[in-house]
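Colleague: When the letters of the sequence shown are read in order and numbered with the working numbering, they come out as residues 2 to 386.
We put the beta carbon where it would ideally sit given N, CA and C, even for glycine.
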Amino acid sequence: MGYFSIQFLSIIQLVTLKIPLMITEVLTANQLAKAAPVFGQLSFNDHEQIVFCHDKGTGLKAIIGVHNTILGPALGGTRMYNYASEGEALNDVLRLSRGMTYKAAITGLRLGGGKAVIIGDPQTEKTPELMRRFGAFIDTLGGTYYTAEDVGMETSDMDTVREVTPYVTGVSESKGGAGNPSPITAYGVYMGMKAAAKCTYGSPNLEGKKILVEGVGHVGEELVHLVVQEGAEVVISDVNEQRLEAVKQKYNVLVHREGDFYATPADIYAPCALGATVNDHTIDQLQVKIIAGAANNQLADEQVHGVKLQQKEIIYAPDFLINAGGLINVYAEIAGYGRSEVMSKTENIYETTMDILYKAEATGMTPHAAALSIAEERIANHQKK
Ligand code: NAD
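What follows is the structure in C-alpha cells.
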C-alpha cells in the first residue's frame, strides 16, 4: 500500500517532530495543554513520528506514536480507551511509546519503541471493519511500527489486523502467532516482584506476604494466580464488579470494597490497571515496602514520584523493566525464537531487576532512573556503531 492508499485512507497528518525542551521549561503542564495542545505535550520530546489516523466510515480515530527506531522497528500495543479528550489520548500514546523504547532496550531486544491508541469504547465501538482500517494505516508505515494487544484489545483483534498487514504481533497461535502475551507479562512481573522482595526482605519467597493487586484483568488475574500459588495473601480491587467476582470465585483472595485501597497496610502494591496511580495522593497513603506491577507509566511524574518513593523507603521495581514479558513474547514472532527462549528471557527479569536495584542503592539514583540510564546507554552505544 503506497502513497495513493494513504490519500484514500485520509491520514490527516503524518509528521516528523522534534520539540525543543525549552517550551516545557517556562509553562506549567496545564498552561501548555491550553496554549499548545499538540506540540506543547510534555511527552512529545524526541518522537520520530506521530501518525493521526481518521476514517469517517468506521469512525476510527487513532494515533500512532513512533518514539525511537535506533535499535529496531518500533513495537508496542494498541490501546482502545474512551479518552475524555483527544489531548488526553495524544498524551497517553506519547508516554506509552517512549516507555516502549526503554522497555525494549533494558530487556536487550533489537526493537524500538512505539504505541498506538484508538479513541473509543472497546465494548461498543470496536468492529472488525474499524480494526481492518486501523491495520491499513499501520501497513502504510511499511514496518516502522508493529502493533500488538494492549488495554481494550484481544488476540482476535490482532488476527483481524493481520488480514490487512503483516506488521502485527500477538496474533493467535492457530494463525502462527505467539498468542495472548498477558500470562508471560504476569510471569515477568512476578519475577520482578520476587527480586524486589529479595532486596527488601532477604528472600524472594512471597509466602505470607500481603499483596494489593489493583486491576484484575488479563495480567492482574494471572499475577494473582502466581502469587496465591506461592502462599501470598492477596487483596484485589477493580472498577469492574464482574472481574472482582470472577477472580474471587477462582482464587483465595480478599476483595477490597471499603475505604482507601492505597491506605491498606500491606507488603506489596501491584498496579495492574492504568498508569499514573503512583502520585502525590497515593504515595501519602501507601503503607507498603514494595511497588511492583504490570501497568505502564505507574509514576505520574518519573522524577518527582521516584524520589518521593525513595524518601519513603518504598522499593519501586520499574514498570518498563518488569512488565516486559509480553514484549518478549510478541518479539518472538518477529525474531523467530520459541517458547523456551521466551520463558528464559522473561525469567531473566529477576536478575535484571536485582542489578537495577543494586545499582540504585549504590549510586543513590532512583530505580527508575537507574534502569533508564542503562537503557539510554544501550541506545547511544548502538547509534555510535
Ligand atoms: P485489562 O484491560 O485486561 O485489565 C485492566 C483491569 O483494570 C480491568 O479489569 C479494569 O476493569 C481494571 N481497572 C481499570 N481502571 C481501574 C481502576 N481505576 N481501579 C481498579 N481497576 C481498574 O488490561 P491488561 O492487559 O491486564 O493490562 C493491565 C496493565 O498492564 C495496563 O496498564 C497495560 O498497559 C499493562 N501491560 C499489559 C501487558 C499485557 O501483556 N497485556 C503488557 C505490558 C503492560
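Suppose you measure from the CA of Arg258 to the CA of Val236; what does that come to, to the nearest Å?
Modeller: Cα-Cα distance, rounded: 10 Å.
Colleague: Is Gly218 near ligand 1, with its Cβ less than 6 Å from a heavy atom?
Modeller: Yes, Cβ of Gly218 sits closer than 6 Å to a heavy atom of ligand 1.
Colleague: Return the bridge partner residues of Asp47 from the DSSP annotation.
Modeller: Asp47 is not bridged by DSSP to any residue.
Colleague: Below 8 Å, can you find three or more Cβ-Cβ pairs linking the stretch 177-192 to the stretch 111-120?
Modeller: no
Colleague: Using alpha carbons as the reference points, say which of Asn330, Leu95, Asn83, Asn92 lies closest to Gly180.
Modeller: Checking every option, the nearest Cα to that of Gly180 belongs to Asn330.
Colleague: Can you check DSSP and say which residues form a bridge with Arg80?
Modeller: Val118
Colleague: Please confirm if Ser173 has its CB atom under 7 Å from at least one CB of chain D.
Modeller: Looking for chain D here will not work: only one protein chain is present.
Colleague: Do you know how far the Cα of Lys199 is from the Cα of Ile24?
Modeller: The pLDDT assigned to Ile24 is 37, lower than 50, so where the model puts this residue is not dependable; a value taken from the coordinates is nonetheless given after this. About 42 Å.
Colleague: Can you list, in chain order, the residues of its chain whose CB lies under 6 Å from that of Val27, leaving out five sequence neighbours each side?
Modeller: Because Val27 carries a pLDDT of 49, less than 50, the predicted location of this residue cannot be relied on, and the following value inherits that uncertainty. For Val27, where only same-chain residues beyond five positions count, there are no Cβ hits under 6 Å.
Colleague: Do you know offhand how far Leu255's Cα is from Asn206's?
Modeller: 20 Å
Colleague: Can you give, in chain order, each stretch of the alpha helix (DSSP H) that sits fully within the stretch 299-344 and has at least 4 residues?
Modeller: 303-312, 320-323, 326-336
Colleague: Taking 6 Å as the cut-off, is the C-beta of Ala296 nearer than that to any heavy atom in ligand 1?
Modeller: yes
Colleague: Among residues of its own chain, excluding the 5 on either side of Gly193, which ones have a beta-carbon nearer than 6 Å to its beta-carbon?
Modeller: Ala293, Ala318, Ile323, Ile350, Thr354
Colleague: For Thr156, which of Gly365, Thr170, Leu328 has the nearest alpha-carbon?
Modeller: Thr170
Colleague: By how many angstroms is the C-alpha of Gly100 removed from the C-alpha of Ala333?
Modeller: 20 Å
Colleague: Would you call Asp93 buried or exposed, if buried means 16 or more other Cβ atoms sit within 10 Å of its Cβ?
Modeller: buried
Colleague: What does the alpha-carbon distance come out to for the pair Gln243 and Ala274?
Modeller: 15 Å
Colleague: Of all the alpha helix (DSSP H) runs that stay within the bounds of the stretch 220-280, which reach a length of 4 or more residues?
Modeller: Counting only runs of 4+ residues, the alpha helix (DSSP H) found wholly inside the stretch 220-280 occupies 242-251, in chain order.
Colleague: Near Lys249, what residues of its chain come up, given a Cβ to Cβ distance below 6 Å and the 5 sequence neighbours on each side ignored?
Modeller: Val256
Colleague: My guess is that Gly136 and Val172 are in contact by the Cβ rule of under 8 Å, so how many angstroms apart are they, rounded?
Modeller: Distance from Gly136 to Val172 at the Cβ level is roughly 11 Å; contact not present, criterion being Cβ atoms closer than 8 Å.
Colleague: Decide if Arg340 is buried, meaning its Cβ has at least 16 other Cβ atoms within 10 Å, or exposed.
Modeller: Per the 10 Å Cβ criterion, exposed.
Colleague: Thr59 and Thr148 - do their beta-carbons sit closer together than 7 Å?
Modeller: no
Colleague: Spell out the partners DSSP gives Ile291 in its beta bridges.
Modeller: Ile269, Ile316
Colleague: Skipping 5 residues on each side, what residues in its chain have a beta carbon closer than 8 Å to that of Glu208?
Modeller: Glu231, Gly232, Ala233
Colleague: Once the 5 residues before and after Glu130 are set aside, which same chain residues still bring their CB inside 7 Å of it?
Modeller: Same-chain partners within the cutoff: Thr59.
Colleague: Between the alpha carbons of Tyr359 and Asp140, how many angstroms are there, rounded?
Modeller: 42 Å
Colleague: Heavy atom of ligand 1 less than 6 Å from the Cβ of Asn241, yes or no?
Modeller: True, at least one ligand heavy atom lies under 6 Å from that Cβ.
Colleague: Helix or strand or just coil, what does DSSP make of Tyr147?
Modeller: strand
Colleague: Measuring alpha carbon to alpha carbon, tell me which of Glu174, Gly221, Asp151, Gly216 ends up nearest Tyr191.
Modeller: When only C-alpha atoms are compared, the closest one is Gly221.
Colleague: For the alpha helix (DSSP H) that contains Val94, what are its first and last residues?
Modeller: First-last of the alpha helix (DSSP H) with Val94: 87-108.
Colleague: So which of Met132, Asp320, Asp281 has the shortest CA-CA distance to Lys309?
Modeller: Asp281
Colleague: Would you mind working out which of Val279, Asp268, Asn253, Lys385 sits nearest Leu227, comparing C-alpha positions?
Modeller: Asn253
Colleague: Would you tell me roughly how many angstroms separate the C-alpha atoms of Ala371 and Thr364, rounded to the nearest one?
Modeller: Taking the CA atoms as reference points, Ala371 sits about 9 Å from Thr364.
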